[in-house]
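So the structure is just underneath, and the comments pick up after that.
What follows is the structure, encoded as structure tokens:
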């Protein structure tokens, strides 16, 4: 918990980045069709990469686009989007390797991703 209200914006940004990282885990197949997260060292590395990428690219984008006058919640949203889209790139590379190394068709992989999203939002 924050010691005073001055620390609160940091926790809003951390929460947004972590939510973005969890949503991005569906793209790498680490959240199964029942909505359960399979914890492993690889999952920890992916979540860490997504969160760090979200913080760094979000802060860079806010600074570059001069959005520093926006609210802290807006900053958190920008960082969450950077986290999701950064992990999306990793997910695309992962799914490309999966598609080329297995006998699955593209339609089967897309169906698995849709099923995972449906189970998360149940």
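In my numbering, the protein residues as written are 1352 to 1473.
We put the CB at the ideal spot given by N, CA and C, even for glycine.
Taken in chain order, the whole alpha helix (DSSP H) runs of length 4 or more contained in the region 1371 to 1422 are 1392 to 1415. Exposure of residue 1416 is indicated by the presence of fewer than 16 other C-beta atoms within 10 angstroms of its C-beta. Burial is judged here by how many other beta carbons sit within 10 angstroms of a residue's own beta carbon; residue 1420 has fewer than 16 and is exposed. Take residue 1423, set aside five residues on each side of it, and the residues of its chain with a beta-carbon closer than 6 Å to its own are 1360 and 1363, in chain order. In this structure, 1407 is the residue among 1407, 1460 and 1469 with its C-alpha nearest to the C-alpha of residue 1436.
For the pair residue 1443 and residue 1398, the CB atoms are not nearer than the 9 Å cut-off. Going by beta carbons, residue 1367 and residue 1430 fall inside the 9 Å limit. Residue 1381 sits close to residue 1393, with the two beta carbons spaced by under 9 Å. Just measuring C-alpha positions, the residue of 1454, 1440, 1434 and 1466 sitting nearest residue 1402 is 1434. Setting aside the 5 residues that flank it on each side, residue 1404 is surrounded in the same chain by 1433, 1434, 1437 and 1438, each with a C-beta closer than 8 Å to its C-beta; the list follows chain order. Ranked by how close their Cα comes to the Cα of residue 1410, the residues 1427, 1396 and 1448 have 1427 in first place.
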